[in-house]
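A short write-up of the structure that comes next.
There are 2 protein chains.
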Amino acid sequence: MVEIAVMGYGVVGSGVVEVLTNHAENISKRAKEQINIKYILDLREFPGSPFETKFTKSFDAILNDPDVKIVVEVMGGLNPSYDYVKRCLEAGKSVVTSNKELVAAKGAELLKIAQKNNLNFLFEASVGGGIPIIRPISQCLAANDVVEIAGILNGTTNFILTKMIREQMTFEDTLALAQKLGYAERNPAADVEGFDACRKICILASLAYGRHVYPEQVHTEGITKITLADVEYAAAWGGVVKLIGQVRMMEDEKLQIIVCPMFISRDSQLANVDDVFNGIMVRGDSTGDVVFYGRGAGKLPTASAVVADVIDCVKHFKARKYLYWEEGSEDYVEDYLLNNVAMYVRAKVEDDVQAMKEIQKVFGKVTRLFRKNAECGEIAFVTGVMQEKELAEKLTQLETLEIQIQNTIRIGDL
Amino acid sequence: MVEIAVMGYGVVGSGVVEVLTNHAENISKRAKEQINIKYILDLREFPGSPFETKFTKSFDAILNDPDVKIVVEVMGGLNPSYDYVKRCLEAGKSVVTSNKELVAAKGAELLKIAQKNNLNFLFEASVGGGIPIIRPISQCLAANDVVEIAGILNGTTNFILTKMIREQMTFEDTLALAQKLGYAERNPAADVEGFDACRKICILASLAYGRHVYPEQVHTEGITKITLADVEYAAAWGGVVKLIGQVRMMEDEKLQIIVCPMFISRDSQLANVDDVFNGIMVRGDSTGDVVFYGRGAGKLPTASAVVADVIDCVKHFKARKYLYWEEGSEDYVEDYLLNNVAMYVRAKVEDDVQAMKEIQKVFGKVTRLFRKNAECGEIAFVTGVMQEKELAEKLTQLETLEIQIQNTIRIGDL
């Protein structure tokens, strides 16, 4: 019998308790041990809950109970999660978490403490919800160099973009709908500004390349500026707009990593990842492209990933799993302004013939895009591939020519 | 240092040697041991090969060498693979194989010998090439009941169907092209008759539900009867034709399992799996649908899956991996004639108005499909859902009414 504690009884936490209870027989068969939830930590009261006797408001009760071998942290956020998880690991307890903010900010440090104490720190549920991704990447690493990882990592923004593309709803209306359906939080910034996707690509990059990438090192743009006009121009170009997290190792051993909306060709496997689904492409030098697709969030998918980690913990009390990465460094991530990229540009002009002449003077050859019902004075085009820095300079130059840039979106090469 | 032997130096075998050599540093880091290839078994000569000293024609040399702890079987076929693998396991050597024919025919027996001797018998590469699928299914099992698995499991037939759909090439021309490109073998029966897909769905079903399903228990249809007319009618219906392997557990604990071409709705994630790619959908009660996508065959993708298994073997010399299933039984698989299904039917008739009247008399309401350039007297329709047995009887009834059935394809509900 293995005693565990679950910290946090929100959506994921209650799901973990549900899965552990409903699949108890299968789980003990797989883990070769019975797993018993001894404590559930939550500051709220749950009178009448079938688990009423297990609730505690005291973290110390868990920390100081030597029977508790595994702690499941599903509270989210950094505070007090970071402190709690660290103290659990230092006290000799393995930790399983779904907390991407924690792993993205403190992964290297916590993995190091786990390693020192011969414990496991597992976080399959932190990326992709119920989609197995951490384990497959970590296992395919040995026989592969990971050339690139790119993915649709946030279900909320993907739902919003899908509705905009399919039903011509505006960003604002779709966001309101997503909030009504419970897909977006009342404060949607973490999703729509790309922070959530950023944390996830940081975790995948850290794992794939063995060194921690911190969210603040990653140039991150959200989807709040995207309009129906952009969605229609993407269709005219031959694709769709998706919020992509992307990382590549460069020849000089620096990382190219970014989170931003991109035009994705309709031929890409990621172009068909719609609604709240996530899709993650891992390009290995041996395997080629492998894509993982499924629900990236939600109570039971996420809970089932947490429980799979708990089982792995039980099976590996003495043989640590091989998750590990080093602390990062400031110069590990390349300045995104040095990346090469082609850019979609939408602008407002007085005279579009004249403007196109000026644009071509500045950019050389560009591909103009058209849409039905374009507003008067609206033009859109796709530039050639050039360094972001040069691109930004050229765009500033256009502004001086009274070409008002309305939006720019990178062209993805996925 | 762990000594291994590679049996078979064909496409996959030479890939395994290549990956083990090129990624040696990474591999020893992951496995925490150096891995050395002591023997390569092949009846052919490879003069000038950098591995010349390792070649042997003697299986006994491998079998009787106590240094060899892991044997990689990548010869394919049942004979002599089955005998060799069995004797290796009995002699205390763990075995890694990519041989789906072997696993589909003898998996339960070999897993049992492995278990008895506390060894590993691993076969990630037997399904989906470089796509991780065996391990994710086996790990997600504990926290999930697998409701269904359905997939495009054979790259050759998917290449052929994709070409037919996209480029209006005939089956015969596309098969010839596939052979020219090395995607299809000179004797293409294993692919185009569905045997290869059948072996793979048997392996997945055995793993997911814990009891062996033998290929001969599975109703299997290939793609040789599919014409451009069928492809066009599928488009008119709103989808594409794909060769699908599908398995579901029924309420009476019998399996519903089949391999056949199906009409797949364009909305399905599997509809966009094209060319030589494979896509496998695993539906769990907690995770919902998870889809795995990638190259289902090929030298390096398959080799990298084999090598990942070798590493897992090295890491688990004492802790067996939890792959296991029981022997199957005759009544475990439901007679496919008892399944409920809707069917696309293409027929040749004298007078289509008259024929449609008779068809509706026999079938009740059907949905008629149309295509441009239909041949004179050609009609196509989709029936309602009914038991296959009843469907077959009704089709025989049509034949007596001088409605000549040209082809039938099941409507997939994926």
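Line by line, the protein sequences are chains A and B. Residues 8 to 421 in the numbering used here are what the first sequence spells out, letter by letter. Residues 8 to 421 in the numbering used here are what the second sequence spells out, letter by letter. Glycine included, every Cβ here is placed at the ideal spot set by N, Cα and C.
Secondary structure of residue i, DSSP reduced to three states
| i | result |
| --- | --- |
| A278 (chain A) | helix |
| G119 (chain B) | Checking the sequence, you will find Lys at residue 119 (chain B) rather than Gly. Note: K119 (chain B) maps to helix in three-state DSSP. |
| C267 (chain A) | strand |
| Y351 (chain A) | strand |
| L376 (chain B) | strand |
| Q5 (chain B) | A query on residue 5 (chain B) cannot be resolved here, the shown segment of chain B reaching from 8 to 421 and no further. |
| K45 (chain A) | strand |
| F178 (chain A) | helix |
| T163 (chain B) | helix |
| V360 (chain B) | helix |
| V81 (chain B) | coil |
| S21 (chain B) | helix |
| V92 (chain B) | helix |
| I138 (chain B) | coil |
| V220 (chain B) | coil |
| I156 (chain A) | strand |
| E406 (chain B) | helix |
| S145 (chain B) | helix |
CA nearest to the CA of residue i, picked from the options
| i | options | result |
| --- | --- | --- |
| V3 (chain B) | B:K207, B:L235, B:K261 and B:M363 | With chain B covering only 8 through 421, there is no way to say anything about residue 3 (chain B). |
| D198 (chain B) | B:K100, B:L250 and B:I120 | B:L250 |
| H371 (chain A) | A:N380, A:F388 and A:D359 | Going by the sequence as given, residue 371 (chain A) is Gly instead of His. Out of A:N380, A:F388 and A:D359, A:F388 has the C-alpha closest to the C-alpha of G371 (chain A). |
| I44 (chain B) | B:N33, B:E25 and B:R51 | B:E25 |
| N285 (chain A) | A:K207, A:T234 and A:D420 | A:K207 |
| E174 (chain B) | B:L129, B:G137 and B:E239 | B:E239 |
| L85 (chain B) | B:G114, B:M269 and B:L96 | B:G114 |
| I210 (chain A) | A:G245, A:Y221 and A:A183 | A:Y221 |
| L182 (chain B) | B:E357, B:G303 and B:I167 | B:I167 |
| P73 (chain B) | B:K93, B:G99 and B:Q361 | B:G99 |
| C3 (chain A) | A:G22, A:M14, A:G20 and A:E40 | Since the displayed chain A opens at 8 and closes at 421, residue 3 (chain A) lies outside it and no answer follows. |
| D359 (chain A) | A:D342, A:T309, A:E382 and A:C267 | A:E382 |
| K64 (chain B) | B:S56, B:P57, B:D49 and B:E228 | B:D49 |
Between the CA atoms of residue j and residue i - distance to the nearest angstrom
| i | j | result |
| --- | --- | --- |
| G305 (chain A) | G135 (chain A) | 10 angstroms |
| L402 (chain B) | F178 (chain B) | 25 angstroms |
| L405 (chain B) | Q411 (chain B) | 7 angstroms |
| M393 (chain B) | L148 (chain A) | 48 angstroms |
| V314 (chain A) | R142 (chain B) | 16 angstroms |
| N346 (chain B) | V254 (chain B) | 12 angstroms |
| D203 (chain B) | S105 (chain B) | 13 angstroms |
| S145 (chain B) | E80 (chain B) | 22 angstroms |
| C95 (chain A) | V317 (chain A) | 15 angstroms |
| A132 (chain A) | V289 (chain B) | 17 angstroms |
| D282 (chain A) | I42 (chain B) | 45 angstroms |
| A236 (chain B) | S275 (chain A) | 28 angstroms |
| L184 (chain B) | I233 (chain B) | 17 angstroms |
Neighbour flag for residue i against chain A, beta carbons, 9 angstroms
| i | result |
| --- | --- |
| G158 (chain B) | no |
| A38 (chain B) | yes |
| N279 (chain B) | yes |
| G17 (chain B) | no |
| R218 (chain B) | no |
| L307 (chain B) | yes |
| T104 (chain B) | no |
| G137 (chain B) | yes |
| R142 (chain B) | yes |
| Y300 (chain B) | yes |
| A310 (chain B) | yes |
| T294 (chain B) | yes |
| G189 (chain B) | no |
Contact with chain B by residue i, beta-carbon distance below 9 angstroms
| i | result |
| --- | --- |
| C147 (chain A) | yes |
| L3 (chain A) | Absent from the structure is residue 3 (chain A), since the part of chain A shown begins at 8 and ends at 421. |
| G162 (chain A) | no |
| V314 (chain A) | yes |
| N125 (chain A) | no |
| N380 (chain A) | no |
| A150 (chain A) | yes |
| A121 (chain A) | no |
| I47 (chain A) | no |
| S21 (chain A) | no |
| V5 (chain A) | Residue coverage of chain A in this structure runs from 8 to 421, which leaves residue 5 (chain A) outside it and unanswerable. |
In the stretch 295-334 of chain A, which residue ranges form an unbroken alpha helix (DSSP H) of at least 4 residues, counting only runs that do not cross its ends?
-> You should have 306-322.
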